Every structure is written in C-alpha cells, then in structure tokens.
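In mature numbering (1 follows the signal peptide of the UniProt record, and there is no 0), the protein residues as written are -28 to -1, 1 to 298. Read through the structure below, which is laid out as structure tokens, and then see the notes.
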C-alpha cells in the first residue's frame, strides 16, 4: 500500500485539507483549547507528547499563553480512558489529541464532530480510525508508528543465530497489537521461526506473561504495545534470569534493559502528529489530511544487557548502531 512519508510532506501536502472548514474561531480569551490524553505512562509516549507540543509551540500555540492545554493519563485503565474522553468532549475543545490506539479509539467513540489527532497508532486502518491512509474520511488523522517487523526478526536472527522459536508478549485486547502479532507470525514463517504467544491485559500481568515463555523460546520479541512496553523491566528481568535475549521494537526499551531495538525516535512520531494538529487548528479538515508515517529508523544496542542474557553482540552490528547504551 502506498503510504505518505513524513520526509516527503511539503507545504503543498499540508494545505490539501485547507478547504472544508474555516480556521478555529478564537475564544473570548483568544486561546485555542486542546485536550491531550494517553493510555499509560512510559518513555515512548512521553517522547511522543513532547514532540507534539514542540511543534505546536513552534507554530505559536503556547500552553498558558495562546493555548489552553489539558493533559491526562489513563494509567493503563480503559474505563478511565473512556471517562477522560467523555469529559474532554463535554468541554467542547477545538482539538483532541490521543496518543496510542486505545486513546484514539475511545476518542473516536466519544465524538464524530470535534477534530481528533492521534499519534503512535501502529495501524490506524486496522484499528478502524480511518477509511484510508491517504484520505482518512472522518474527524480523525495523525501519525503512525508502523514498524518493519521483517527487519526486526532479521535483527533477532543476527543476535541469536541459532534461534528457532521466539516468544511475543502483547495485549490481546489491543487491536493494533493483535495486527502486529499476525504480521510477526507471517514474517516468522518466512524466517524459519516458530512463534509462542503470551498475553497481558494490564502492565501488572507482563511479568507472568514473560515467565510463561521460559523453557519454550530462544528469544523474546516485544512489539510496540503500550501495555507491555510500560512493564518492559519485568520482561528484562526474566530474560536475564533465564538467559533469554529480549529484543524490542521500541528504542526506549533498550535504555530500560532490552538488548536491541530497530525503531523510531518517538519525538519524530509526535512531531508528525503535531504538524497535523497545527494544520487543523489553522483550518484544515482532518478527513482530507493523510496519515503521516516516519521512515527514519534507529538501531539501539545494549551490550551489558546482552551479556546478562547470555549473548554477545556481533562487532559489525555494534558498528551499525545509532546508539550504544552503556
């Protein structure tokens, strides 16, 4: 499928949607009102949020000055996320920003009128958020963190050449995580790898999910699943105790103990969503703003964690790293 890339978006692309609605009307205090929420706290989501806010501020939307901003975390609870978005809609803001798939889906359920910008949603099409990547067709648009799973499994093979079976931990209730695991199984078959699944509905269940893989897998792969990433330290602990290498899709997980990740700087994912937010606040129709994708990948490696998990990183791989965590 042809996807728009952030690097290729120009001023012309930004103005595609500047037709259907007029610019946001200034309120009595001349501030636009923006509500932002996310499903759970972890570094990738924090980086995404910071990337969004940096772009907004650069465009003149400064919290407390020209923008009335409210930020809420659901602390991993879907009922809380629903309550947050219900409250947001009742406040009638100019824009709602939702980081993560669950946050975006509950925002979509809460309103079909207020513009919504999502960020760090792996597959907004499979999640039912948009009609197509090029023309979302609704009141939602934003940025995706769709990852190259084929390259991730190739990275697993470089780190653990004798691997025959990989474990995947994910939240089975999150649509994008299920979609990612379907791709993992397809790509694993091509790579000659078997897949063992373990699910965790909440961060508190990540440790038990990781423990269930001991003795069954040669490596553990963590996709961009907010529930699991928020509890990555539990997976790292199990990997270290059982000599099972842990490889992630989220680069922030490497600083928290995973051996390796080939992924995005989530500040870039946030910046891409921020550009959509600015365009909408200036009058663009989200239905006509293409979903934005980031194509810049970074390789993070953690040699210390590799040693703890019983493997040694190849020298040539270390030479390719964007960042080596010491």
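We put the CB at the ideal spot given by N, CA and C, even for glycine. Remember, it's a predicted structure, so these values are computed and weren't measured experimentally.
**OP:** List the endpoints of the continuous alpha helix (DSSP H) containing residue 285.
**Re:** The residue given as residue 285 occupies position 313 in the chain shown. Segment: none, residue 285 is in no alpha helix (DSSP H) and carries neither H nor E.
**OP:** Work out the CA separation of residue 47 and residue 2 for me, nearest whole Å.
**Re:** For the purposes of this step, residue 2 is taken as residue 30 along the chain shown, with counting starting at 1. For the purposes of this step, residue 47 is taken as residue 75 along the chain shown, with counting starting at 1. If you take the alpha carbons of residue 2 and residue 47, they lie about 32 Å apart.
Subject >> Straight-line gap, residue 69 to residue 267 (C-alpha atoms, nearest Å) >> reply: On the chain shown, residue 69 is found 97 positions in, with the first residue counted as 1. On the chain shown, residue 267 is found 295 positions in, with the first residue counted as 1. Answer to the nearest angstrom: the Cα atoms are 22 Å apart.
**OP:** For residue 294, count neighbouring C-beta atoms within 10 Å of its own C-beta (all shown protein chains included) and say buried if the count is 16 or more, exposed if not.
**Re:** As a working mapping, residue 294 is identified with position 322 in the chain shown. Exposed is the call here.
Original post:
Given that a residue counts as buried once 16 or more other Cβ atoms are within 10 Å of its Cβ, and exposed if not, what is residue 63?
Top reply: By 1-based counting over the chain shown, the position of residue 63 is 91. Burial call: exposed.
Original post:
In terms of residues, what are the limits of the beta strand (DSSP E) holding residue 113?
Top reply: As a first step, residue 113 must be located in the chain shown, where it is residue number 141. That run of the beta strand (DSSP E) goes 112 to 116.
**OP:** Determine the direct distance from the alpha carbon of residue 214 to that of residue 282, and round the result to whole angstroms.
**Re:** The residue labelled residue 282 in the question sits at position 310 within the chain shown. The residue labelled residue 214 in the question sits at position 242 within the chain shown. When rounded, the distance between both Cα atoms is 9 Å.
**OP:** Given a cut-off of 7 Å, decide if residue 91 and residue 241 are closer than it, judged by their beta-carbon atoms.
**Re:** If you number the chain shown from 1, residue 241 lands on position 269. If you number the chain shown from 1, residue 91 lands on position 119. Yes.
**OP:** Locate the alpha helix (DSSP H) running through residue 60, then write down its first and last residues.
**Re:** Translated into positions along the chain shown, residue 60 becomes position 88. 50 to 62 is the span of the alpha helix (DSSP H), which, as asked, contains residue 60.
**OP:** Let me know the beta strand (DSSP E) ranges lying completely inside the segment 192 to 279, each 3 residues or longer, listed in chain order.
**Re:** 218 to 220, 232 to 235 and 270 to 273
**OP:** Could you tell me if residue 164 is buried or exposed, where buried requires 16 or more neighbouring beta carbons within 10 angstroms of its beta carbon?
**Re:** Taking the first residue of the chain shown as 1, we reach residue 164 at position 192. Burial call: exposed.
Subject >> One or two residues paired with residue 6 in a DSSP bridge >> reply: In the chain shown, residue 6 corresponds to position 34, counting from 1. According to DSSP, which records beta bridges pairwise, residue 6 is partnered with 41 and 67.
Original post:
By Cβ distance below 7 Å, which residues in the same chain neighbour residue 66 in space, the five residues on each side in sequence not counted?
Top reply: Residue numbering aside, residue 66 sits at position 94 when the chain shown is read from its first letter. The answer, listed in chain order, is -5, 4, 5, 6 and 253.
Subject >> residue 60 versus residue 31: straight-line alpha-carbon distance, rounded >> reply: If you number the chain shown from 1, residue 60 lands on position 88. If you number the chain shown from 1, residue 31 lands on position 59. Looking at the two C-alpha atoms, the distance is approximately 23 Å.
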